[in-house]
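Visitor: For the sequence shown, the positions run 83 to 275 when our numbering is used.
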Amino acid sequence: MPASTPPARSGWPGVGAQLAGRLAKLDLHGPQDLLLHLPLRYEDETRCVDIAALRGGESLQIEGEVTDCEVRLRGRRQLVAQVRDATGTLTLRLLHFYPQQQQQLTPGRRVRVFGEARGGMFGFEMVHPRIRSVAPGEALPQTLTPVYPTTAGLAQSELRKLIASTLGQTRLDELLTAALRQRPDLIPPDAAR
Numbered sequence: 083m084p085a086s087t088p089p090a091r092s093g094w095p096g097v098g099a100q101l102a103g104r105l106a107k108l109d110l111h112g113p114q115d116l117l118l119h120l121p122l123r124y125e126d127e128t129r130c131v132d133i134a135a136l137r138g139g140e141s142l143q144i145e146g147e148v149t150d151c152e153v154r155l156r157g158r159r160q161l162v163a164q165v166r167d168a169t170g171t172l173t174l175r176l177l178h179f180y181p182q183q184q185q186q187l188t189p190g191r192r193v194r195v196f197g198e199a200r201g202g203m204f205g206f207e208m209v210h211p212r213i214r215s216v217a218p219g220e221a222l223p224q225t226l227t228p229v230y231p232t233t234a235g236l237a238q239s240e241l242r243k244l245i246a247s248t249l250g251q252t253r254l255d256e257l258l259t260a261a262l263r264q265r266p267d268l269i270p271p272d273a274a275r
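(1) Assuming PHE196 and PRO181 are in contact, meaning their beta carbons sit under 8 Å apart, how far apart are those beta carbons, in whole angstroms?
(2) Sorted by chain position, which residues of the same chain lie with C-beta nearer than 8 Å to GLN143's C-beta, five sequence neighbours on each side aside?
(3) Identify every run of the beta strand (DSSP E) within the segment 129-165, keeping only runs that are complete inside it and at least 3 residues long; order them along the chain.
(4) For THR233, which residues from the same chain have a beta carbon less than 8 Å from its beta carbon, with the 5 sequence-adjacent residues on both sides left out?
(5) Which residue from GLU152, THR227, PRO266 puts its Cα closest to that of SER141?
(6) Distance check for ASP255 and PRO266, CA to CA, integer angstroms please.
(7) Would you decide whether THR248 is buried or exposed? Buried here means 16 or more other CB atoms lie within 10 Å of its CB.
(8) When you compare the CB positions of LEU174 and MET208, do they come within less than 9 Å of one another, or not?
(9) Drop a sphere of 10 angstroms on the beta-carbon of THR145, count the other beta-carbons inside from all chains shown, and report buried for 16 or more, exposed for fewer.
(10) Would the beta-carbon of PRO121 fall within 9 Å of that of VAL229?
(11) Here's the rule: buried if 16 or more other CB atoms are within 10 angstroms of the residue's CB, otherwise exposed. What is ALA163?
(12) Give the straight-line distance between the Cα atoms of LEU244 and LEU118, rounded to the nearest whole angstrom.
(13) To which residues of the same chain is LEU136 closer than 6 Å at the C-beta, ignoring the five residues directly before and after it?
(14) From PHE179 to THR252, what distance separates their C-alpha atoms?
(15) Return yes when the Cβ of VAL216 is within less than 9 Å of the Cβ of ARG242, no when it is not.
(16) Is it buried or exposed, ILE213, if we count other Cβ atoms within 10 angstroms and call 16 or more buried?
In structure tokens, the structure reads:
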């Protein structure tokens, strides 16, 4: 008899039936499961690098202004945009895209782009980077961004928001003894977040 996914628990605040079904595919059936769903890795969105400082094979974040955006039909339909900062220009390439992404890359818009840079025919490019519209001078995040194991239909951002909400609403008991907490080589709890 094949194993089946247990039904999602009822009474999970803020989680509807569809979301509960997607979470169940990850064996997440309630808030306690979310607390133990650990990140695969962390991404550093706490800083932006100049486009001129990009190196191939590294995942980095840049901030700049969209100077050009067009749909190209070379072999397959793709959205190609140029983003410029004070040091250079970066090409963004999306092979599968939605109208919302095309609007986000309207020339003149300021964006933050996170992804892996690689050398292209005309300089560096990022294929399917994470793109976010920002206001000039908008503050950068102060912490690393967790990347969690996920499943089809469950966006990383949705899972992050749900886990952050659960962490904020859950009272966690202290596991370290008072003597251990007083050791000078331990960082304060607020700095460990």
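Just so it is clear, CB atoms sit at the ideal spot from N, CA and C, and this is done for glycine as well.
In this text the structure is predicted, and so the values were computed from the model without any measurement.
Guide: On the basis of the coordinates in this document:
(1) Translated into positions along the sequence shown, residue 196 becomes position 114. Translated into positions along the sequence shown, residue 181 becomes position 99. The pair is not a contact, with the Cβ atoms about 22 Å apart (cut-off 8 Å).
(2) On the sequence shown, position 61 is the one that residue 143 refers to. If we look at GLN143 and ignore the five residues flanking it on each side, its Cβ neighbours are ASP126, GLU127, ARG129, CYS130, VAL131, ARG194, VAL195, PHE196.
(3) 141-156
(4) The residue labelled residue 233 in the question sits at position 151 within the sequence shown. Hits under 8 Å: ARG104, LYS107, LEU108.
(5) Counting from 1 along the sequence shown, the entry for residue 141 is found at position 59. Per the Cα distances, THR227.
(6) The count along the sequence shown starts at 1 and reaches residue 266 at position 184. The count along the sequence shown starts at 1 and reaches residue 255 at position 173. Taking the straight line from one Cα to the other gives about 21 Å.
(7) Along the sequence shown, read from residue 1 onward, the residue named residue 248 stands at position 166. Under this definition THR248 is a buried residue.
(8) Position 92 of the sequence shown, counting from 1, holds the residue named residue 174. Position 126 of the sequence shown, counting from 1, holds the residue named residue 208. Closer than 9 Å, so yes.
(9) By one-based count along the sequence shown, residue 145 stands at place 63. The displayed chain sequence assigns Glu, not Thr, to residue 145. Per the 10 Å Cβ criterion, buried.
(10) On the sequence shown, position 39 is the one that residue 121 refers to. On the sequence shown, position 147 is the one that residue 229 refers to. Against a cut-off of 9 Å, the Cβ pair of VAL229 and PRO121 comes out as a contact.
(11) Within the sequence shown, the letter at position 81 stands for residue 163. Label assigned to ALA163: buried.
(12) Taking the sequence shown and counting its residues from 1, the one referred to as residue 244 is at position 162. Taking the sequence shown and counting its residues from 1, the one referred to as residue 118 is at position 36. In a straight line, the C-alpha of LEU244 is about 13 Å away from that of LEU118.
(13) Start at 1 with the first residue of the sequence shown, and residue 136 comes out as number 54. Once the five neighbours on either side are set aside, the close Cβ partners of LEU136 are ALA199, PHE206.
(14) Residue 179 sits at position 97 when you count from the first residue of the sequence shown. Residue 252 sits at position 170 when you count from the first residue of the sequence shown. Distance between the alpha carbons of PHE179 and THR252 is about 37 Å.
(15) As a position in the sequence shown, residue 242 is number 160, starting the count at 1. As a position in the sequence shown, residue 216 is number 134, starting the count at 1. In this structure, VAL216 does not lie closer than 9 Å to ARG242 by Cβ.
(16) Walking along the sequence shown from the start, residue 213 turns up at place 131. Its Cβ being crowded by 16 or more others within 10 Å, ILE213 is buried.
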